[in-house]
Amino acid sequence: MNQLYYRSTRGAGEPVTASQAILRGLAPDGGLYVPESIPQMDCAMEELAEMSYQETAYAVMKQFLTDFTEEELKTCIARAYDSKFDTPEIAPLRKVEDLYYLELFHGATIAFKDMALSILPHLMTASARKNGVKNEIVILTATSGDTGKAALAGFADVEGTRIVVFYPKDGVSPIQEKQMVTQKGANTLVVGIHGNFDDAQNGVKAIFNDRELEQELEQAGFQLSSANSINIGRLVPQVVYYVYAYAKLRQRGELQPGELLNVTVPTGNFGNILAAYYAKSMGVPIGKLVCASNENKVLFDFFRTGTYDRNREFILTSSPSMDILISSNLERLIYKVAGEDPRQNAAFMEQLSRTGAYTLPEEMRDRLQDFWGDYTDEQGTAQAIRQVYEAAGYVMDTHTAVASHVAKDYRSQTGDRSKMLVVSTASPYKFTRSVMSAIDSKYEQAEDFALVDELSRLSGTKVPQAIEAIRSAPVLHKTVCGKSEMQDVVKRFLGV
Ligand SMILES: *Cc1c(COP(=O)(O)O)cnc(C)c1O
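Numbering (the working numbering), first residue to last: 4 to 499.
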């Protein structure tokens, strides 16, 4: 097979192999790595229909990560998609009313980031070996809650890696904090900081930019890396479940050969829906890509007007993982619709960082026809949860509810009756209070774990292991530090 190389969306530097792109994360010029071309699926849908999740993952990922051997890739896949998931299907489909829900929340932290973060550590260590990197890889992350736990779960006890997660001590929910501070694994460190999320993030950035520290760590056999959602090692594994979903719907006879399937994705950073776009570009018969936002509707406005404008109030919603005003992965789409012209893309990104906004010219907007953007407010989100529960007994989380609401609106606004996949990004057990209050306001006063048991009763589903574990798990991480002490904490952990 031909090698597939990756280039920066901002143009500087030589093309790199997949494993080099995974090790680097961000390109040195601040751009994102994109494949020089999107490979075409080289496996017939009839074959894919019979494959397990792991086999599908191999069929898709081998076309993007061409410098990995078959054995390397299969080992990564086997280590990632194992009994950490509570179902052998890994990403089961549920037909509810006339929509298909793709449940991406059966992994260790019961949300969709597990799909990529359970394999990223293995792709990284394999990439390190391939490129002769002898250092241990140290992942540094600042988190406002969810990504931190998913990264911890992914990297825990992965040989050749360590992971340090900083969170704002008083800025995450009690359940989120409990999930993180109970994390097992000798290579993990969780630290609360006196400050907010921005302080945590700025502290991590300062550590990354400290050249003296880099030298010191290098001498001790360590190098820093990040598990950011812009890493192609997170993007490529997300393409897999779109191929898998289509193939399984074919297998069940829900789709005719070649029949178009629309997809609605609850979006913040534009990573998940970009993966759907890549699956479509590979030749999977996907129709419209419906981008669902909450009240932070910067993407809805972008698709409607061609102007991306982050200069607006940041709104806290019941779907916090989509409370985002800078959709970092959108840059890959902008690069594409700019005719893969890195200078043009870089000019937009420069405008974005200088003024907070940019506007696409008409001919570029015309290339966004594959997408449809819409949003739901808080009331619409709650209403969607209650309506689907009452109609079908299916309980969705708040992020999925945003998508479900938008998917139905899309149908009524356009009259497009094609089959619709709704991407379900979190278990309702992760956002129990919002979910239960949407079903009945009497739950607003109830205690957290009482709500968990009540949700189990209402939905007829078992309380996930991830939730059971935090009821009783011992606190293993007690470090708390000031903003200025973050670097020292990292050094102490590494024994430098
Ligand atoms: C991260 C996240 C999203 C948004 O995903 P993007 O990669 O930003 O598109 C949606 N729902 C949940 C539950 C998430 O954790």
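Where is the CB? At the ideal position from N, CA and C, for every residue including glycine.
{"Check": "Closest residue to Asp70 among Gly16, Arg132 and Phe496 (Cα-Cα distance)", "Outcome": "Arg132"}
{"Check": "Whole runs of the alpha helix (DSSP H) within the region 145 to 208, excluding any shorter than 4 residues", "Outcome": "149 to 158 and 177 to 184"}
{"Check": "Rounded Cβ spacing between Leu105 and Ala94 (contact assumed at less than 8 Å)", "Outcome": "6 Å"}
{"Check": "Neighbourhood of Asn234 by C-beta distance below 6 Å, restricted to the same chain and skipping five residues each side", "Outcome": "Gly28"}
{"Check": "Phe211 versus Val242 - alpha carbon distance", "Outcome": "29 Å"}
{"Check": "Whole-angstrom distance between Ala279 and Val63, CA atom to CA atom", "Outcome": "13 Å"}
{"Check": "Completely contained beta strand (DSSP E) runs for the region 334 to 394, where each covers 3 or more residues", "Outcome": "360 to 362 and 374 to 378"}
{"Check": "Distance, Leu26 Cα to Tyr84 Cα", "Outcome": "21 Å"}
{"Check": "Element boundaries [alpha helix (DSSP H), containing Pro477]", "Outcome": "Run containing Pro477: none; DSSP gives neither H nor E here."}
{"Check": "Reference Asp89; option with closest CA among Pro467, Asp443 and Asp326", "Outcome": "Pro467"}
{"Check": "Assumed close pair Val398, Ser462 - CB separation to whole angstroms, cut-off 8 Å", "Outcome": "4 Å"}
{"Check": "Paired residues, beta bridge with Met423 - DSSP", "Outcome": "Asn265"}
{"Check": "Beta-bridge partners of Leu227, as assigned by DSSP", "Outcome": "Val141"}
{"Check": "Whole-angstrom distance between Gly396 and Asn332, CA atom to CA atom", "Outcome": "35 Å"}
{"Check": "Pairwise C-alpha distance: Gln386 and Ala441", "Outcome": "7 Å"}
{"Check": "For Asp451, the three-state DSSP class (helix, strand or coil)", "Outcome": "helix"}
{"Check": "Host beta strand (DSSP E) of Pro38 (start-end)", "Outcome": "Tyr36 to Pro38"}
{"Check": "Integer-rounded CB distance, given that Gly376 should sit under 8 Å from Leu302", "Outcome": "5 Å"}
{"Check": "Rounded Cβ spacing between Ser322 and Val405 (contact assumed at less than 8 Å)", "Outcome": "5 Å"}
{"Check": "Inter-residue Cα distance where the pair is Ser176 and Tyr8", "Outcome": "41 Å"}
{"Check": "Whole-angstrom C-beta distance between Leu35 and Arg335, which should lie under 8 Å", "Outcome": "6 Å"}
{"Check": "Near ligand 1: His402 beta-carbon under 7 Å from a heavy atom", "Outcome": "yes"}
{"Check": "Of the listed residues Phe306, Asn297, Glu215 and Ile337, nearest to Met325 (C-alpha basis)", "Outcome": "Asn297"}
{"Check": "Under 8 Å between C-beta atoms of Tyr244 and Val287", "Outcome": "no"}
{"Check": "Rounded separation between Asp45 and Thr310 - CA only", "Outcome": "37 Å"}
{"Check": "Collapsed DSSP secondary structure at Arg13 in the structure displayed", "Outcome": "coil"}
{"Check": "Contact between the region 9 to 16 and the region 348 to 365 (3+ Cβ pairs under 8 Å)", "Outcome": "yes"}
{"Check": "Contact test: Phe273 Cβ vs ligand 1 heavy atom, cutoff 7 Å", "Outcome": "yes"}
{"Check": "Secondary structure of Ser324, DSSP reduced to three states", "Outcome": "helix"}
{"Check": "Per-residue burial, Ala81 [other beta carbons within 10 Å of its own, 16 or more giving buried]", "Outcome": "exposed"}
{"Check": "Glu221, enclosing alpha helix (DSSP H) - first and last residue", "Outcome": "Arg214 to Gln222"}
{"Check": "Cys46 (DSSP reduced to helix, strand or coil)", "Outcome": "coil"}
{"Check": "Burial state of Glu215 (16 or more Cβ within 10 Å)", "Outcome": "exposed"}
{"Check": "C-beta contact flag for Leu2 and Lys422 at 8 Å", "Outcome": "Nothing can be reported for residue 2, as the shown portion of the chain is limited to 4 through 499."}
{"Check": "Proximity below 8 Å, CB of Pro260 to CB of Thr428", "Outcome": "no"}
{"Check": "With 16 other Cβ atoms within 10 Å as the buried cut-off, status of Phe317", "Outcome": "exposed"}
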